[in-house]
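Mapping of the sequence shown onto our numbering: residues 1 to 523, in sequence order. Heads up, the beta-carbon is just placed ideally off N, CA and C, and yes, glycines get one too. Just so we're clear, the structure is a prediction, and the values are computed from it rather than from any experiment. Below: one structure, written as structure tokens.
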Amino acid sequence: MAKIEIYDTTLRDGAQTQGISFSVSDKLRIAEKLDSLGIHYIEGGWPGANPKDVDFFKKAKNRKFKNSRLVAFGSTRRANVSVSKDSSLKGLMNAGTDAITIFGKSWLLHVTEVLNTTPEENLRMIEESVKFLKSKGKFTIFDAEHFFDGYRENPEYALKTLAAAEEGGSDRIVLCDTNGGALTSGVFEVVKDVKAKIKAPIGIHTHNDADMAVANTIAAVQAGCTQVQGTMNGYGERCGNANLISIVANLKLKLGIDCVSDLSLKELTETAYYIAETSNMKLGDNQPFVGASAFAHKAGVHVNAIMKNAKTYEHIDPARVGNRRILLISELSGKSSILKKAKEIDVELTKEAPATKKILKVLQDMEHKGYHFEAAEASLELFMKKAMKKFKKFFELKDFRVIIEKRPKSKIASEATIKLKVGDKLEHTASLGDGPVNALDFALRKALKNFYPTLNEMHLTDFKVRVLDEKAGTAAKVRVLIQSQDKTDSWWTIGVSENIIEASWQALVDSVEYKLLKDSEKK
Ligand SMILES: [Zn+2]
């Protein structure tokens, strides 16, 4: 199998995501993470289009990357301007990287309607720009923008744009599905045709508008592409770019292509969370390979089969990508999955032991009251460890108070005060918040942060409230589910009560205790 190069454009294409705004230091942190994962190329940005990116390249120059080659991105020269006078090429040179990617048009629609130039001038723009960069000693990658659309409309001209780049001496030629509408079989055919006509190594860059980006990338590799471009977690404008997390996992585990080391593969889940955190995004639970639900099994029959042989319902061993199996406990799944769960979290339980029966009984009672542990793994783990005396208290609540106040002509204000003990130290704090739960959350962390600084790494990413109408009791109960996330993981916790503040408090305390437990077990 040919060596496949991984080219990451999270910092350039990924930065176009709605809701993402990287600071220069975010970009540097992400670049370091990509380097440690063993990504071959990191596209740092477009220095000609964005002053922040100029700053990034200035700072990145002083960093030593172990595995990755830093790349600056820009366009070919403009129409009817000589390469030596072109400002975009000048900006690229100033970035100071030894590798440069430039994009050019391979769809005539863009040449005539967007660039407002002739097909011939467009070919000269490509060839001369590549030649210029090569004459300056740069490793040069040519991105053929809209290649698949251009090829569908006029294959002869689209291929001419690639030939122009090859003539200029481009080291890699990358076929882009910029609008993201191509289908897999088409990509395979086109890559095959290009491979027969172009000698330079070919790359693939796809977008996900038809939900095909990963599939199209894998098909392109099978047809002969040796460089794949994409972004972490599939970030990118509109529906995103091809997701490199899934691509790396598929290349390694399905095609046996050694694009990163086995060790790096095990860091995939952690990397996905780290990038999500730094990007201020919530990692999707259903994200293939690395999401919290990617290996979560619910139905009783499935759980039974999984316990006999995991292969029955899993396409890979989750540990290979650093993820873990979750067996969702519900009334359906009975004693055997409780035992399995106990084993997973390192709690000794046997079928006949009275403790097992007791735990099962309490769990069933709690489910009756509205607890829903299959949606709150972390609370279940805490519950079992507490029941088996495997949990040492990190703090003890003395009391809390929440005040909500509305005065004429002012917004509703929420304030929480908390009194708690850590060891024999008494802490008493107060905090304002956007709402009562937010105020409680802030006050709790404020009270604990001097004792447990790692709490600064976690934050709440989701909050769900549901009114339970079971058995039509007079007092309606609510169930609160809270999801928290840190740099390596995400977890759900639960609280149930007639009082929404109390239910939230239970879930909040569990989320903090779980984080502290997790960190203490790591050491
Ligand atoms: Zn793109």
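Beta-bridge partners of residue i, as assigned by DSSP
i, result
"Glu-566", "Missing from the structure shown is residue 566; the chain here goes from 1 to 523 and no further."
"Thr-140", "Ile-100"
"Glu-5", "Gln-227"
"Gly-203", "Val-174 and Gln-227"
"Glu-396", "Lys-421"
"Arg-466", "Arg-479"
"Thr-161", "Answer is none; Thr-161 lacks a bridge partner."
"Leu-327", "His-297"
"Ala-413", "Glu-405"
"Trp-491", "Ser-484"
"Val-81", "DSSP, once it has assigned bridges, lists no residue as partnering Val-81."
"Leu-516", "DSSP lists no partner for Leu-516."
"Thr-429", "Ile-418"
"Ala-72", "Gly-45 and Ile-100"
"Asn-241", "His-207"
"Ser-497", "Val-478"
"Leu-460", "Ser-484"
Residue i versus residue j: straight-line alpha-carbon distance, rounded
i, j, result
"Ile-501", "Arg-401", "10 Å"
"Ser-106", "Phe-142", "11 Å"
"Ile-257", "Asp-149", "29 Å"
"Ala-387", "Lys-341", "14 Å"
"Ala-272", "Lys-398", "38 Å"
"Val-303", "Thr-161", "55 Å"
"Leu-440", "Cys-259", "46 Å"
"Leu-332", "Asn-499", "Confidence in Leu-332 is poor, its pLDDT being 46 and thus under 50, which makes the residue's placement too unreliable to answer from."
"Lys-358", "Phe-383", "12 Å"
"Lys-369", "Ala-476", "11 Å"
"Asn-243", "Phe-103", "21 Å"
"Thr-474", "Val-467", "With a pLDDT of 46 at Thr-474, under the threshold of 50, the modelled position of this residue cannot be trusted; read the value that follows with caution. The alpha-carbon atoms of Thr-474 and Val-467 are separated by roughly 13 Å."
"Gly-14", "Ala-210", "18 Å"
"Ser-88", "Ile-39", "27 Å"
"Ile-218", "Lys-192", "13 Å"
"Met-458", "Glu-113", "49 Å"
"Ala-182", "Leu-432", "51 Å"
"Ser-129", "Arg-77", "6 Å"
"Ser-497", "Arg-479", "7 Å"
"Leu-580", "Ala-249", "The requested residue 580 is not part of the displayed model; the chain covers only 1 to 523."
"Leu-380", "Gly-96", "53 Å"
"Leu-109", "Lys-406", "59 Å"
"Ala-292", "Ile-173", "37 Å"
"Gln-16", "Lys-392", "45 Å"
"Asn-438", "Arg-445", "11 Å"
"Ser-36", "Leu-460", "27 Å"
"Val-509", "Ile-326", "22 Å"
"Asn-67", "Glu-32", "10 Å"
"Asp-486", "Gly-236", "22 Å"
"Lys-27", "Lys-59", "10 Å"
"Ser-505", "Ile-338", "It should be noted that the sequence gives Trp, not Ser, for residue 505. Each residue's Cα considered, the two are about 26 Å apart."
Outcome for residue i when other beta-carbon atoms lying within 10 angstroms are tallied against a minimum of 16
i, result
"Ala-353", "exposed"
"Ser-25", "exposed"
"Pro-201", "buried"
"Ile-404", "exposed"
"Ser-246", "buried"
"Gly-137", "exposed"
"Val-465", "exposed"
"Ala-196", "exposed"
"Arg-238", "exposed"
"Arg-63", "exposed"
"His-146", "buried"
"Gln-364", "exposed"
"Leu-92", "buried"
"Gln-18", "exposed"
"Arg-12", "buried"
"Ile-42", "buried"
"Lys-311", "exposed"
"Val-362", "exposed"
"Ser-490", "buried"
"Ser-511", "buried"
"Thr-278", "buried"
"Glu-377", "buried"
"Asn-208", "buried"
Interface flag, residue i vs chain D, CB-CB below 8 Å
i, result
"Pro-119", "No chain D is present in this structure, which holds just one protein chain."
Rounded distance between the beta-carbons of residue j and residue i, thought under 8 Å
i, j, result
"Phe-289", "Asn-323", "7 Å"
"Gly-74", "Pro-51", "That pair is no contact at about 14 Å."
"Glu-120", "Gly-168", "The Cβ separation is near 15 Å, so there is no contact."
"Glu-166", "Lys-199", "7 Å"
"Tyr-452", "Leu-516", "6 Å"
Run the Cβ filter for me: residues under 7 Å from any heavy atom of ligand 1, listed in the order they occur in the chain. Thr-9, Asp-13, Cys-176, Thr-178, His-205, His-207, Gly-236 and Asn-241
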